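This report concerns only the one structure given below.
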Amino acid sequence: MATVVPKFAGNSNEHPGCAFLCSYELLTDIFQYVLPPDPTTLRADARRLGQKTLLNLALTCKAFVEPALNILWFHLESPLQIFHLLPNARMVNGAHVFHGSIPPGSPFRTYAARVRSIDFACSGSTMNLKASSHLYLSLLQELEGQSIFPSLKSATLTYQTNTTDDFLPLPLILCPSVEAISLHGPGLRNSLFTHYCLPMIAQKLPSLRRFTMDSTGEVTGDAALLPVRMLPKLEMLNIVLPRATGTITPNMLYETIAVLPALKSLTLDLHFPNDEVTDALFQKTSAELNLSHKFQSVHLVTRRRGGHLCGCLPRFLLEKATQLTIALPTSLRTASQDYFAPLAKALEVTTAIHTLNVTGAGLVIQHSDVLLPILKTLPLLHTLNIDVNIATLFPPTPLSTFITGAFNRPEATSLKTLSLYSPRCALDIYSGITLDTLIAIAKEATGLEHLSVGLKPLFAQQRMNGKSLASWLALLQTAGTSRSTLRTLTIFDGSDVRGPLTVQEADDLAQALDLMFPLLREIRPYEGTGVVDEYWRDRWSRIERLRRMYQAARLHGWSVGVP
674 MATVVPKFAG NSNEHPGCAF LCSYELLTDI FQYVLPPDPT TLRADARRLG
724 QKTLLNLALT CKAFVEPALN ILWFHLESPL QIFHLLPNAR MVNGAHVFHG
774 SIPPGSPFRT YAARVRSIDF ACSGSTMNLK ASSHLYLSLL QELEGQSIFP
824 SLKSATLTYQ TNTTDDFLPL PLILCPSVEA ISLHGPGLRN SLFTHYCLPM
874 IAQKLPSLRR FTMDSTGEVT GDAALLPVRM LPKLEMLNIV LPRATGTITP
924 NMLYETIAVL PALKSLTLDL HFPNDEVTDA LFQKTSAELN LSHKFQSVHL
974 VTRRRGGHLC GCLPRFLLEK ATQLTIALPT SLRTASQDYF APLAKALEVT
1024 TAIHTLNVTG AGLVIQHSDV LLPILKTLPL LHTLNIDVNI ATLFPPTPLS
1074 TFITGAFNRP EATSLKTLSL YSPRCALDIY SGITLDTLIA IAKEATGLEH
1124 LSVGLKPLFA QQRMNGKSLA SWLALLQTAG TSRSTLRTLT IFDGSDVRGP
1174 LTVQEADDLA QALDLMFPLL REIRPYEGTG VVDEYWRDRW SRIERLRRMY
1224 QAARLHGWSV GVP
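The opening position of the sequence shown corresponds to residue 674 in the numbering used here, with each subsequent residue numbered one higher.
Dropping the structure here:
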């Protein structure tokens, strides 16, 4: 029997799917679901998976090549990804150099035109070891004022040293299309930055919408603020200069904010001597200064000692604050429960704070209850991030009262996100979450949806309140269904990966986690710890697979055993 070929409109042998394959715009829109135009919004593992998937799509068929590559070139994690396309490019003493002209149709110009965002890591990074100052100077000379990235929207530059050559990449990203620039690192203390680079940014990019200055170096603060006033379309301003020097005045700070008509979002970590300001301007309300309409979000940072709110935070901003960071200058080993009472009292003028961060790398809070007065002052708080160690060995259960108090705030919004123990903090036998603490969270943390924890070493193998893991599991099995609303659990495991859990321990722990958090969608590792592959590969990936198996069995009424 002869094959019957269906007839279609136009070419009788053309399948309707050809119209789909010929639509570059449609394919681009679809592929953006694989990897968004700004992949920095994704977790590192999701970003790598998206990039790998796009590469596979580009190899699938000819029609997919350009749309897939276009999205892959949207964001560059390093300029080296495109510098190797320069004509006559070669390595000299471990650094990229090139010579000659760059033809209009060259691969370098073709792919550079697709770049939407780029991250320059300057001195002290791998990039600086492989991109010579000669390369930047040659590019600037060759381009003759033209933009190297004509479609660029955002750029991040990080300066780790005070070297003048570090600022050579900056002119390459100053094109009219740029809407966002982030400048980071102690190298911003270089006077070249405040007296040349900042004025040049303000002059070349008057349409800039988002701007960040973030440095722990002694940046000249007054010189850094003045060019910002020349950016009338600025919508987001992040000033994180905790060690700024110079003659910053309260009026200078107010005028910088007031003259930016489009400003909607502000992050401020800028301080005055002794963290005190006596100027009456800082006591005025936002209504008195006609700033009531100005902000959608305000993130403030307090660094004052003694449990007081930093006097560097003006009332007209404090009233509008939506996020507060308490940067602890020292550990709180002997602080009383009312240590933060003065700070909590000062926060009574604001009701809009929804996110509270407690930071201090390597510092310790001996008693977690010390934070409760602050939580009870913030009725709209839904996110709490504690990035310091809370001692959990003495007394035996210091977090139980804190968990109960944090989730028992009458007439207050329930916490949705809670982070305890950042992996940046060194976990030891005196700190870290234990299984009994997780059980308390499952029982008391009504409404909690996202939990991030650092686990005490051997947290599942030690005896907790005299009970073994198997004993805890037996109690959970007879306790009935948990009312926990937790959706995601992010963990950092400080245990010695050379002593992995036994098959039975992993199985018991997986069952316990399913019983504690019946609505849990995912357990995932912290990013950027350096040992994720070890503790996740050797321990927690197996536990997560088992937990999902027990969850599926529970939902479908199956009976399962240890695989």
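Yeah, the Cβ is synthetic: ideal placement off N, Cα and C, and Gly gets one too. These figures come from a predicted structure and were not determined experimentally.
Assumed close pair L1149, A1185 - CB separation to whole angstroms, cut-off 8 Å = 6 Å
Nonlocal neighbours in the same chain, by C-beta distance under 6 Å from A1008, ignoring five residues either side = V1043
task = Might you give, ordered along the chain, the residues of its own chain that have their beta carbon closer than 6 Å to the beta carbon of S806, omitting 5 neighbours on each side?
result = D838, L841
Inter-residue CB distance, I1076 and L1053 (contact presumed, cutoff 8 Å) = Rounded, the Cβ-Cβ distance is 20 Å, inconsistent with contact.
Minimum C-alpha distance to L962 - residue among H981, A1079, C985, E992 = It is E992 whose Cα lies nearest to the Cα of L962.
query = Alpha carbon to alpha carbon, what distance is there between E852 and S827?
reply = 6 Å
query = Residue range of the beta strand (DSSP E) that M886 falls in?
reply = 883 to 887
request  = Check each candidate in T1110, R1215, T726 and name the one with the smallest Cα separation from L1072.
outcome  = T1110
ask   = So which of Q996, V1031, T1024 has the shortest CA-CA distance to F1013?
value = V1031
task = Mark M764 as exposed unless 16 or more other C-beta atoms lie within 10 angstroms of its C-beta, in which case mark it buried.
result = exposed
query = If we count the other Cβ atoms within 10 Å of its Cβ and call it buried at 16 or more, is G894 buried or exposed?
reply = Label assigned to G894: buried.
ask   = DSSP beta-bridge partners for R1197?
value = T1163
query = Three-state secondary structure (DSSP) at A917?
reply = coil
inquiry  = Among R1215, D1180, L699, T867, whose alpha-carbon lies nearest the alpha-carbon of G919?
reply    = T867
inquiry  = Less than 8 Å between the C-beta atoms of S888 and M909, yes or no?
reply    = no
inquiry  = Here's a check: name, in chain order, each residue in its chain whose Cβ is nearer than 7 Å to the Cβ of D1187, leaving out the five neighbours to either side.
reply    = Taken in chain order, the residues that qualify are R1220, Y1223, Q1224, R1227.
key: Y1199 to L1029 span [Cα, whole Å]   = Straight-line Cα distance between these residues: approximately 20 Å.
ask   = Taking the alpha-carbon positions, what's the E1217 to D1180 distance?
value = Looking at the two C-alpha atoms, the distance is approximately 10 Å.
ask   = With distances taken between CB atoms, is the gap from L1005 to L986 smaller than 8 Å?
value = no
task = Take the Cβ of R862 as the centre, count every other Cβ of all protein chains shown within 10 Å, and call the residue buried at 16 or more, exposed below.
result = buried
inquiry  = Quick check on the burial criterion: 16 or more other C-beta atoms within 10 angstroms. Buried or exposed for W1209?
reply    = When all chains shown are included, W1209 counts as buried.
request  = Taking only runs that begin and end inside the region 760 to 792, name each unbroken alpha helix (DSSP H) of 4 or more residues, in chain order.
outcome  = Runs found: 780 to 785.
inquiry  = I need the straight-line Cα distance from Q1010 to E1021, nearest angstrom please.
reply    = If you take the alpha carbons of Q1010 and E1021, they lie about 19 Å apart.
task = Could you check if C983 is buried or exposed, using at least 16 other CB atoms within 10 Å of its CB as the buried criterion?
result = buried
query = Since V738 is in the alpha helix (DSSP H), which residue starts that stretch and which ends it?
reply = Taken as a continuous stretch (DSSP letters only), the alpha helix (DSSP H) holding V738 covers 735 to 745.
Test: S1073 CB closer than 8 Å to a CB of chain C = Among the protein chains of the structure shown there is no chain C, as only one such chain exists.
task = Per DSSP, which residues does G1127 bridge with? Please list them.
result = F1165
key: Local Cβ density within 10 Å of V892, reported as buried at 16 or more and exposed below that   = buried
query = The alpha helix (DSSP H) with V971 in it runs from where to where?
reply = No alpha helix (DSSP H) holds V971; the beta strand (DSSP E) holding it covers 970 to 975.
query = In terms of alpha-carbon separation, which member of I1047, V950, I1164 lies closest to T922?
reply = V950
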